[in-house]
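**Q** Protein chains in written order, with numbering that gives the first Met the number 0: chain V, 0 to 445; chain H, 0 to 445.
Below you'll find the structure I mean.
Protein chains: 2
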Amino acid sequence: MRTGDEALLTDFYQLTMLQAYFDEGLHGRAVFELFVRSLPPERGFLLLAGIEQALDYLENLRFGADELAWLHDSGRFPPDFVDRLAGFRFTGDVHAMREGSVFFANEPVLRVEAPIAEAQLVESRLINLVHYATLVASKAARCRLAAPGRLLVDFGLRRAHGAEAGLLAARAAWLAGFDGSATVLAGQRYGIPVYGTMAHSYIEAHAREADAFARFAASQPDNLTLLIDTYDTEEGARRVVELAPELARHGTRIRALRLDSGDLLDHARRVRRILDDGGLPDVHLFASGNLDEGRIAALLAADAPIDGFGVGTSLTTSADVPCIDAVYKLQAYDGRPRRKRSEGKATWPGAKQVWRLGGSAGDLVALHDEAPPTDAVPLLQPVMRAGRRLAPAEPLAALRAHAAEELARLPAALRTLDRTDSTELWPVRISPALQALAAELDREAH
Amino acid sequence: MRTGDEALLTDFYQLTMLQAYFDEGLHGRAVFELFVRSLPPERGFLLLAGIEQALDYLENLRFGADELAWLHDSGRFPPDFVDRLAGFRFTGDVHAMREGSVFFANEPVLRVEAPIAEAQLVESRLINLVHYATLVASKAARCRLAAPGRLLVDFGLRRAHGAEAGLLAARAAWLAGFDGSATVLAGQRYGIPVYGTMAHSYIEAHAREADAFARFAASQPDNLTLLIDTYDTEEGARRVVELAPELARHGTRIRALRLDSGDLLDHARRVRRILDDGGLPDVHLFASGNLDEGRIAALLAADAPIDGFGVGTSLTTSADVPCIDAVYKLQAYDGRPRRKRSEGKATWPGAKQVWRLGGSAGDLVALHDEAPPTDAVPLLQPVMRAGRRLAPAEPLAALRAHAAEELARLPAALRTLDRTDSTELWPVRISPALQALAAELDREAH
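Next comes the structure, spelled out in structure tokens:
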């Protein structure tokens with residue numbers, strides 16, 4: 000995205016509503032909250048990500064000259080409205096949960112308070128950023144829980160949904176506990192460790208597999224992982240054993256072998272034996288190929304001698320849960336709480352706070368100005384005031400450490416991959432005052 | 000993406016392989032093909048998209064100064080290798096199917112012939128672009144087939160996986176037969192019709208729903224769709240009937256009402272009756288809210304009086320099939336065909352052509368230099384030579400017309416939403432010469 004460009008990364012109705020707000024002189028302050036309506040059965044919890052990108056978007060939001068010219072030429076808006084957009088800035092206040100936090104349904108993770116036009120325009124992009132990053136962080140957290148102590152690398156750029164998805168996924172996965180990503184640009188942009196060695200095409204470009212191994216070793220003596228399944232996995236492993244003494248004479252240590260097809264458990268066992276028998280007990284095994292947290296858990300439950308996993312498509316598309324019901328809803332306007340009552344989509348009104356009660360007590364969602372519960376931690380913290388961030392972005396490593404603590408604190412039943420109903424394991428209660436407010440709004444006639 | 004930036008939008012192993020190719024002096028010409036290994040049961044065919052973006056990427060690919068500096072500073076590569084990347088350009092030849100074409104498993108949709116380093120580096124991004132755009136075009140085609148003659152609008156930016164996904168989805172959906180998108184930037188960038196009116200938050204910002212309707216009508220007299228389900232759908236419809244005479248006096252015509260929650264069939268019938276009884280038979284009904292091709296088909300099968308549909312998350316995440324097995328494989332190096340034989344992942348070797356045989360005869364995948372079958376159409380056409388496109392990009396409207404013709408030509412059994420095994424309905428045969436070549440390569444020792 001270029002600066003200016005991102006202002007049009009919105010739904011058209013945001014602009015028609017903005018025009019109506021301008022026409023009516025509706026400039027009151029609105030409170031919008033971003034939350035997930037319900038968790039799918041495949042997710043016992045969610046891990047928050049994408050807040051940093053959301054704040055960056057808000058802070059830099061403006062309409063570029065090309066975008067204004069296009070809006071003008073579109074004939075869909077009166078010129079005076081387009082002129083006003085030239086000065087558009089986000090001047091609001093934002094509260095957010097810290098990235099890497101565990102959260103549940105009906106808990107606002109981001110609260111925006113701003114003149115209604117500003118808070119409205121940003122809806123589409125805020126959901127777009129936080130929804131996806133959170134999907135991937137939550138999926139990655141499950142992989143991390145399934146593979147304690149094992150190396151986990153994001154391999155999913157190629158089937159992520161576009162470039163930004165690949166980048167956001169690499170960041171979200173690392174935040175959630177992955178060890179790194181294969182995506183080079185994510186390394187440059189976010190300082191994430193970058194992993195990768197060779198593909199089948201490299202092997203195939205050589206007349207013989209053994210030649211390919213030898214040549215690659217000569218070129219990459221300090222980072223040598225060899226892919227052994229291009230033709231026959233065990234045959235590949237035996238070639239490595241044959242090659243190893245010659246490499247050792249040149250001071251080259253083989254770090255790992257990668258398996259990428261077939262029955263990974265069976266191959267890993269056979270290859271491990273070939274390596275051990277061949278005097279290479281220190282060479283690690285790294286597996287990839289259509290892996291997800293469930294397959295990883297099954298491999299480790301069967302004691303597969305695998306030291307690391309590349310997780311690709313299932314991670315970056317969050318393949319079993321490619322979308323969740325993340326929404327951004329008006330909760331108050333001009334000091335008055337609002338409640339949408341559409342069937343199956345009713346919201347809890349008013350600006351809110353989420354309190355983490357500690358232990359197995361779960362969370363309490365309350366109005367933001369209610370008295371704090373005893374010994375509870377407020378999860379929504381001020382992060383932006385009058386359109387400016389209150390502090391520089393936290394280092395990603397700090398957020399990653401926070402995520403690890405969050406996962407460690409989860410009750411055991413939520414740390415499994417089983418389908419769970421988190422509402423029993425981690426109750427999220429709605430405060431009596433909030434319930435009373437909702438009932439009161441329902442009683443009012445419209 | 001900035002220019003220069005996109006060169007790092009690749010997997011790290013592409014760079015380590017490039018370094019090895021440089022070190023070894025492996026500069027021979029490689030043939031890579033992009034294809035889908037198998038279709039999931041939810042898809043009887045795929046509709047190709049993303050080729051224009053892929054060619055644009057290839058034509059503009061270079062390493063920017065920041066990217067080179069980062070690679071240098073990473074310490075992962077020798078300086079002379081990084082220096083050589085400064086001059087890196089894609090100088091290869093490309094064949095591709097036309098966007099909007101229907102295709103099936105094992106059919107190359109893109110063939111790249113270039114010095115191996117060039118053809119290798121681009122793997123990750125080429126798959127990233129074509130895989131996702133094709134997913135969405137294929138999903139959108141199913142929606143189009145389910146809703147003949149109805150207005151279809153992409154509403155899915157907010158839950159698309161990042162910004163680029165939202166944009167590519169809007170383009171792919173329009174190409175496949177949607178009428179437009181809510182995504183404003185897609186309108187600017189691709190000239191796609193843009194749709195949208197109001198959200199629940201607009202209604203809620205007003206004390207009374209009737210006030211919101213009247214104010215919006217005053218602001219948007221030429222494009223008036225009113226959202227009626229914020230509080231009570233039928234009550235909302237009755238308010239519209241009450242308001243209509245006053246609007247008519249000001250020359251404002253209500254174009255449509257939008258339903259977004261609850262039982263859409265039931266609401267549409269009730270609202271249609273309210274409108275018809277209220278003298279508004281010309282006001283259209285537009286439905287949205289968790290729709291996909293299956294729900295649309297069910298609504299229309301029940302004769303729901305709905306004139307148009309907004310399809311969001313299920314479209315832009317291709318929710319039932321968020322990924323397919325799209326790959327980019329080395330098929331020849333230095334004039335010699337290559338075959339990967341990994342279990343379950345074996346490839347057909349050599350540069351190939353896909354012939355469409357006509358009628359119900361299906362397709363033939365053959366070596367590119369075999370004699371053409373009688374009356375068959377070659378689907379892969381030259382689109383780039385020596386790194387330059389052979390023609391300017393086709394207008395998107397022309398590709399959209401092509402997609403419509405392709406869909407119209409499909410056999411009836413593939414035009415349904417049923418789970419089908421396309422291999423029986425649209426046979427894709429492998430030519431005897433290609434089969435013989437594969438067998439011959441398998442016989443050779445490695």
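Every residue gets a Cβ at the ideal spot worked out from N, C-alpha and C, and that includes glycine.
Being a predicted model, the structure only gives us computed values, none of them experimental.
Starting from H/H452, find everything on chain V with Cβ-Cβ shorter than 9 Å and list it in chain order.
**A** This structure cannot speak to residue 452 of chain H, because chain H is shown only from 0 to 445.
**Q** Hey, which unbroken runs of the alpha helix (DSSP H) at 4 residues or more fall wholly within the region 155-197 of chain V?
**A** Within the region 155-197 of chain V, the complete alpha helix (DSSP H) runs of at least 4 residues are 162-174, 183-189.
**Q** Taking Cβ-Cβ distances shorter than 7 Å, what residues in chain H pair up with V/L344?
**A** In the sequence as presented, Leu is not what sits at residue 344 of chain V; that position holds Lys. Correct list: S260.
**Q** Can you give me, in chain order, the residues of the region 45-68 of chain V that have a beta carbon less than 9 Å from any beta carbon in chain H?
**A** So the list reads D65, E66, given in the order they occur along the chain.
**Q** Could you tell me the alpha carbon to alpha carbon distance between H/L264 and H/L284, rounded to whole angstroms?
**A** The alpha-carbon atoms of H/L264 and H/L284 are separated by roughly 11 Å.
**Q** Any Cβ of chain V within less than 8 Å of the Cβ of H/F34?
**A** For H/F34, the answer is no, since every Cβ of chain V falls outside 8 Å of its Cβ.
**Q** Check whether the Cβ of H/H130 lies closer than 8 Å to any Cβ atom in chain V.
**A** It does; some Cβ of chain V falls within 8 Å.
**Q** Below 6 Å CB to CB, which residues in the same chain sit around V/T224 once its five sequence neighbours on both sides are set aside?
**A** Once the five neighbours on either side are set aside, the close Cβ partners of V/T224 are T196, R254, A255, R257.
**Q** Using DSSP with H/G/I as helix, E/B as strand and the rest coil, what is H/P304?
**A** Here H/P304 sits in coil by DSSP.
**Q** Taking the alpha helix (DSSP H) that H/Y201 belongs to, which residues open and close that run?
**A** Looking at the DSSP string, the run of the alpha helix (DSSP H) that includes H/Y201 is 199-203.
**Q** Please report the straight-line C-alpha distance between V/R28 and V/A113, rounded to a whole angstrom.
**A** Rounded to whole angstroms, V/R28 to V/A113 spans 5 Å at the Cα level.
**Q** Quick one: which residues of the region 286-316 of chain V get their C-beta closer than 7 Å to a C-beta of chain H? List them in chain order.
**A** Going along the region 286-316 of chain V in chain order, one finds T312, T316 with a Cβ nearer than 7 Å to chain H.
**Q** Would you verify that the beta carbon of H/A162 is, or is not, closer than 8 Å to some beta carbon of chain V?
**A** Output row for H/A162: interface = yes.
**Q** Are the CB atoms of H/R110 and H/V30 within a distance shorter than 8 Å?
**A** The answer is yes: Cβ separation under 8 Å.
**Q** Between the region 207-223 of chain V and chain H, which residues of the former have CB atoms less than 8 Å from a CB of the latter, in chain order?
**A** Residues R207, E208, R214, F215, A217, S218, Q219, N222.
**Q** Residues of chain V with CB under 8 Å from H/P78, in chain order?
**A** Within chain V, no residue comes near H/P78; the closest Cβ sits about 15 Å away, beyond 8 Å.
**Q** Taking the CB atoms as reference points, tell me whether H/L298 and H/A236 lie closer together than 8 Å.
**A** No, the pair does not count as a contact, with Cβ atoms beyond the cut-off.
**Q** Only counting the same chain, and skipping five residues up and downstream in sequence, which positions put a Cβ closer than 6 Å to that of H/A303?
**A** Taken in chain order, the residues that qualify are L264, A267.
**Q** In this structure, what does DSSP give as the bridge partners for H/Y332?
**A** H/Y332 is bridged to H/A29, H/R335.
**Q** Let's see if you can read the secondary structure: which residues bound the alpha helix (DSSP H) around H/L274?
**A** Unbroken alpha helix (DSSP H) run through H/L274: 263-276.
**Q** Is H/R442 close to chain V, meaning its C-beta is less than 8 Å from at least one C-beta of that chain?
**A** No, H/R442 does not count as interfacial toward chain V.
**Q** Could you tell me if V/V135 is buried or exposed, where buried requires 16 or more neighbouring beta carbons within 10 angstroms of its beta carbon?
**A** By the 10 Å Cβ count, V/V135 comes out buried.
**Q** Between the region 175-186 of chain H and the region 328-336 of chain H, can you find at least three pairs of beta-carbon atoms closer than 8 Å?
**A** No contact exists between the region 328-336 of chain H and the region 175-186 of chain H.
**Q** List the DSSP bridge partners of H/Y446.
**A** This structure cannot settle anything about residue 446 of chain H, because the visible part of chain H is limited to 0 through 445.
**Q** Show which residues of chain V have a CB atom less than 9 Å away from the CB atom of H/A325.
**A** Those within 9 Å of H/A325 in chain V are R157, R158.
**Q** Does V/D7 get closer than 8 Å to chain H when you measure Cβ to Cβ?
**A** Sequence check: residue 7 of chain V is Leu here, not Asp. Yes, contact with chain H.
**Q** Using a beta-carbon distance cut-off of less than 8 Å, what residues from the region 182-199 of chain H approach chain V?
**A** Listed by position, the residues of the region 182-199 of chain H near chain V (Cβ gap below 8 Å) are T182, V183, L184, G186, Q187, V193, Y194, G195, T196, M197, A198, H199.
**Q** Does chain H have any CB closer than 8 Å to the CB of V/Y12?
**A** Yes, V/Y12 lies at the interface with chain H (some Cβ there is under 8 Å from its Cβ).
**Q** Below 7 Å on C-beta distance, what does H/R337 contact in chain V?
**A** Result: E203.
**Q** Indicate the three-state DSSP secondary structure (helix, strand or coil) for H/V320 in the structure shown.
**A** Reduced to three states, the DSSP call for H/V320 is coil.
**Q** Suppose the cutoff is 7 Å on Cβ atoms and the five residues either side in sequence are ignored; what does the same chain contact list for V/P372 look like?
**A** Answer for V/P372: W354, L356, L363, listed in chain order.
**Q** Under 8 Å, Cβ to Cβ, is there at least one residue of chain V near H/Q434?
**A** So, not an interface residue.
**Q** Give the list of continuous beta strand (DSSP E) stretches no shorter than 3 residues that lie fully inside the region 42-123 of chain H.
**A** Qualifying beta strand (DSSP E) stretches, in chain order: 92-95, 109-114.
**Q** Is V/L25 near V/L120, with beta carbons less than 8 Å apart?
**A** Against a cut-off of 8 Å, the Cβ pair of V/L120 and V/L25 comes out as no contact.
**Q** Quick one: is V/G99 near chain H, going by C-beta distance under 8 Å?
**A** It does not: the Cβ of V/G99 has no partner Cβ on chain H nearer than 8 Å.
**Q** Just the C-alpha distance for H/D441 and H/A345, rounded to the nearest angstrom, thanks.
**A** Cα-Cα distance, rounded: 10 Å.
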